[in-house]
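Asker: This is the structure I want to talk about, given as structure tokens.
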Amino acid sequence: MSKNENRDKENEKDLPSTPQPAPVPVTEQFLMWLENLSGSELTSWERLPDIGLYMDQVLTLMDRQLAMYKREGEDKLLTQPMINNYTKDGLLPRALDKKYTQAHLALLSILCSLKPVLSMSDLDQLLKDTHDESTERDLYAFFLTAQEEAICQTKNLLEPEIRALQKGNAGDEAAPTNHEDERRQMALLALRMAVDARVRIMMTQKILDSLRK
Numbered sequence: 001m002s003k004n005e006n007r008d009k010e011n012e013k014d015l016p017s018t019p020q021p022a023p024v025p026v027t028e029q030f031l032m033w034l035e036n037l038s039g040s041e042l043t044s045w046e047r048l049p050d051i052g053l054y055m056d057q058v059l060t061l062m063d064r065q066l067a068m069y070k071r072e073g074e075d076k077l078l079t080q081p082m083i084n085n086y087t088k089d090g091l092l093p094r095a096l097d098k099k100y101t102q103a104h105l106a107l108l109s110i111l112c113s114l115k116p117v118l119s120m121s122d123l124d125q126l127l128k129d130t131h132d133e134s135t136e137r138d139l140y141a142f143f144l145t146a147q148e149e150a151i152c153q154t155k156n157l158l159e160p161e162i163r164a165l166q167k168g169n170a171g172d173e174a175a176p177t178n179h180e181d182e183r184r185q186m187a188l189l190a191l192r193m194a195v196d197a198r199v200r201i202m203m204t205q206k207i208l209d210s211l212r213k
């Protein structure tokens, strides 16, 4: 090794190390996401394209439409085989001359939103009964309103709890909590929400079972 190289290595040792930024607490990350969640993320019926879209256009639009539901690292929430299966199972009307209408886009939004919590047979039953006296437009409007109300209620419930987690009780003064304890409390909060969601899904399934009879 040359003298210059030795000198460079010695100089590197003398340089002050760059401080690494502190990790963003999990509560702060979640609150930032929660504050940006408006409850009206999905496109209204009036703003859905009414010119008829081909399959690739539908997939592009629905990728934006369903962005709210995406988890980190998740790829597509809707694919061409999924659309074909929805059509084959009777959940989605057939395309008109290979073009998809506003009604198709509205139904796809509902199906993709509810697919993680309901089976295909439950979705089929749900759409059969809700279609009895309503059009796709009416059903989609009801769905958007129900979703916006659910998001608003959940945000109002969660935000104060999470802000409370960010601060400990130290007499009359609030102090930051230990990060590990903060993570544990967030995990317990997620568990409570998961249990609540499971009970609601169970009750939904019981209603659909009653409708089948």
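Using this note's numbering, you'd call the opening residue of the sequence shown number 1 and step up by one each time.
We put the CB at the ideal spot given by N, CA and C, even for glycine.
Within the continuous alpha helix (DSSP H) that includes Met32, where are the two ends?
Answerer: Note, Met32: alpha helix (DSSP H), Val26 to Glu35.
Asker: Just how far apart, CA to CA, sit Phe143 and Gln205?
Answerer: About 18 Å.
Asker: Applying the criterion that 16 or more other CB atoms from any shown protein chain within 10 Å of the CB defines a buried residue, is Asp122 buried or exposed?
Answerer: It counts as buried.
Asker: Please identify the residue among Asn178, Val58 and Ala67 whose C-alpha is closest to the C-alpha of Gln166.
Answerer: Among Asn178, Val58 and Ala67, the Cα nearest to that of Gln166 is on Asn178.
Asker: Would you check if the region 116 to 130 and the region 152 to 163 touch, i.e. whether three or more CB-CB distances between them fall below 8 Å?
Answerer: No, they do not touch.
Asker: So, with DSSP's three-state summary, where would you put Lys167?
Answerer: Of the three classes helix, strand and coil, the one that applies to Lys167 here is strand, per DSSP.
Asker: Please name the residue, chosen from Lys88, Trp33, Met120 and Gly52, that lies closest to Ala106 on a Cα-to-Cα basis.
Answerer: With distances taken between Cα atoms, Ala106 lies closest to Gly52.
Asker: When you compare only the Cα positions, how much space is there between Ala141 and Tyr54?
Answerer: Ala141 and Tyr54: Cα-Cα distance of roughly 24 Å.
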